[in-house]
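Asker: Going by this note's numbering, the residue at position 185 of the sequence shown is 185; the numbering climbs one at a time, nothing skipped. Just so you know, even glycine gets a beta-carbon here, dropped at the ideal spot from N, CA and C.
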Amino acid sequence: MESFKIAFFCWESMYAERVGGLANAATNLAETLVKQGHEVHFFTRGKIPDQTVKGVSYHYCMPVGKNIVEYCDAMSTAMVAQFRKCDTPHRFDFLHFHDWHVVQALHFLQDRNTIFTYHSTEYGRNGNQTGDWWEFKEISGKEWYGGLIAKRVTAVSATLKNEVMQLYNIPFDKCDVIPNGVVPREYRTNIDPGEVKQAYGIHPYAPLILFIGRLVYQKGPDLFIEAIRKVCQSRWDAKVIVAGDGGMREFLQERAKDLPVNFVGYIPDSEYIRLLNAADVVVIPSRNEPFGLVLLEAWSAEKCVVACNVGGLSENIDAFVNGVKVEVNPDSLAWGINAMINEPWNAGALGKRGRKKVDRVFLWDPIVRGLTDTYARTVS
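1) Rounded to whole angstroms, what's the CA-CA distance from leucine 160 to threonine 117? Just pull it up for me.
2) What does DSSP give as the partner residue(s) for valine 183 in the beta ladder?
3) Less than 7 angstroms separating the Cβ of alanine 319 from some heavy atom of the ligand ADP?
4) Taking only runs that begin and end inside the segment 275–309, name each unbroken beta strand (DSSP E) of 3 or more residues, in chain order.
5) Going along the chain, which residues of its own chain have a beta-carbon closer than 6 angstroms to the beta-carbon of phenylalanine 9, five neighbours each way excluded?
6) Between the segment 263–283 and the segment 232–248, are three or more C-beta pairs nearer than 8 angstroms?
7) Mind listing, in chain order, the continuous alpha helix (DSSP H) runs of no fewer than 4 residues lying wholly within the segment 163–217?
8) Identify every run of the beta strand (DSSP E) within the segment 214–260, keeping only runs that are complete inside it and at least 3 residues long; order them along the chain.
9) Would DSSP call alanine 150 helix, strand or coil?
10) Counting Cβ pairs, one atom from each stretch, are 3 or more of them under 8 angstroms apart for the segment 322–341 and the segment 223–237?
11) Look at the Cβ atom of threonine 121, then the Cβ atom of glutamate 163, and state whether they are nearer than 8 angstroms.
12) What's the gap between the Cα of glutamate 70 and the Cα of serine 157?
13) In chain order, what residues of the same chain have a beta carbon less than 7 angstroms from the beta carbon of lysine 47, not counting five sequence neighbours either side?
14) Between which residues of its own chain and histidine 90 is the CB-CB distance below 7 angstroms, once the five residues before and five after are set aside?
15) For arginine 255, collect the residues of the same chain with a Cβ closer than 8 angstroms to its Cβ; drop the 5 residues on either side in sequence, then sort them by chain order.
16) Between valine 196 and serine 300, is the Cβ-Cβ spacing less than 8 angstroms?
17) In the DSSP output, what is histidine 59 paired with across the bridge?
18) So, for tyrosine 200: in the same chain, excluding its five sequence neighbours on each side, which residues have a beta-carbon less than 7 angstroms away from its beta-carbon?
19) To the nearest angstrom, how far is it from the Cα of proline 171 to the Cα of proline 207?
20) Could you please give me the residues that DSSP links to isoleucine 115 through a beta bridge?
21) Could you please give the first and the last residue of the uninterrupted alpha helix (DSSP H) stretch that includes glutamine 104?
22) Around the C-beta of glutamate 343, are 16 or more other C-beta atoms found within 10 angstroms, so that it is buried, or is it exposed?
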C-alpha cells in the first residue's frame, strides 16, 4: 500500500483544546491513518509544546481575536506558518481541513491536494434555522467557500451530504460520505452499576436516564427536561443525570428544579464511561445531529438509546432493532424513554444489537480505508 504524508487542520484535538465530538473524530482518523502506514501532522490549538502522540505529530498554536471569526482566521494564519515549516524536505501529499474554523488556511493552500470535511453546518447547529446575525452569515459563508475551493469534500452522513448540497450547492459527485467511527473497547467496562448510582445518591435499582452533550438548542436538552417531567408522572423512581455544559444550563436548571435531575457539568472521560455503563437508557434528544458520536459510544457499552429521528441518528438506528427513534417533541421522547425503562430486558437486547452494528459498520480501520480512497480521487 502506498504511504502518504498528510496534514490535518482542525481547531480541536483530544490532547489539547477539546470542545466536542469533532476532537474525537479528527484525532481517531489521524491515529488510524498512522496505524495504516501514513505520516500525519495535526495542526491545531494548544498551550503546550508540540508533541507526538500515538505516531501523530501535533503542532500547536494559541491565537487571539476579538470574536470567534477573527480568532479562527488568526488561528488559520498561524497553522499555515507552521505547515510551511513541515512541508520540507518532503511535501505533503494531502491536506485535510475539518469544519469552517480552518477555511482561511484552506484559502491560503488551495492550490494543493485539499479535502474539506463537513462535520456539521451553522444551519444545523442553529437547530435547522437560518440566522440574520453577522456570525451566522460569516460562518455560513466560510462553509460555502470551503466546499467551493477544496478539491474534494466529505460529510459524516448521507443526511449531512444532502444538507450541504442544498445549502451550498456542493456537486453530488464531489462529496463522499465518510462516517465517524469508534473504538468500542474504550467505552465498555466492568463496573457495578449500583455502586455508581449510589455515588450520585441514586438507589441501585432505580432506572438511571443519561444525557451527555452540550447544553445548547441544537442538542435539545429543553425537550429532554420536559420529557422527563412526563416520565416522572408514571415512574416516580426514575432518576436523571445531565452531563455537559452550555448556554442553556441556568434555564434548564430552573425548569428542572422540581424534578429528579442532577446537572453534573463537564466530567472527565473516565467518569463519563462509568456513567455510561451504569445507565439504563441513554437519550439523544437533538433537533439536528449530523452524525451522533454518543450513539456509537452508548452502543459500544451495550446501552439502549432513545433518540430523535433526525440526521445521522435516523440513518444509523434501526427502529426497535438496536434503538428507539422518536419525534422531536417531549411527548414522543417520554414515550420512548418509558417504553425502555418499563422493559429493561428489551432495552438490554437493543443495546447488545447496537454493539453488533458497531463491530460490523463503525470500526475505524475500514472507515479510514474509505478516506484514503477519497484522497486518491483528489489527485485523479
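Answerer: With the given structure in hand:
1) 11 angstroms
2) Bridge partners of valine 183: none, in fact.
3) With respect to the ligand ADP, the structure offers nothing, as it holds no ligand at all.
4) 281–284, 305–308
5) Phe43, Met79, Phe97, Val102, Ala105
6) yes
7) DSSP runs (the alpha helix (DSSP H)) wholly in the segment 163–217: 193–199.
8) 239–243
9) For alanine 150, the three-state secondary structure derived from DSSP is coil.
10) yes
11) yes
12) 29 angstroms
13) Met62
14) Lys5
15) Asp222, Ile225, Glu226
16) The Cβ-Cβ distance between valine 196 and serine 300 does not fall below 8 angstroms.
17) DSSP lists Phe43 as partners of histidine 59.
18) Ile241, Asn262
19) 47 angstroms
20) His96, Arg152
21) 103–108
22) Under a 10 Å Cβ-count criterion, glutamate 343 is classified as exposed, with fewer than 16 other Cβ atoms of the shown protein chains found around its own Cβ.
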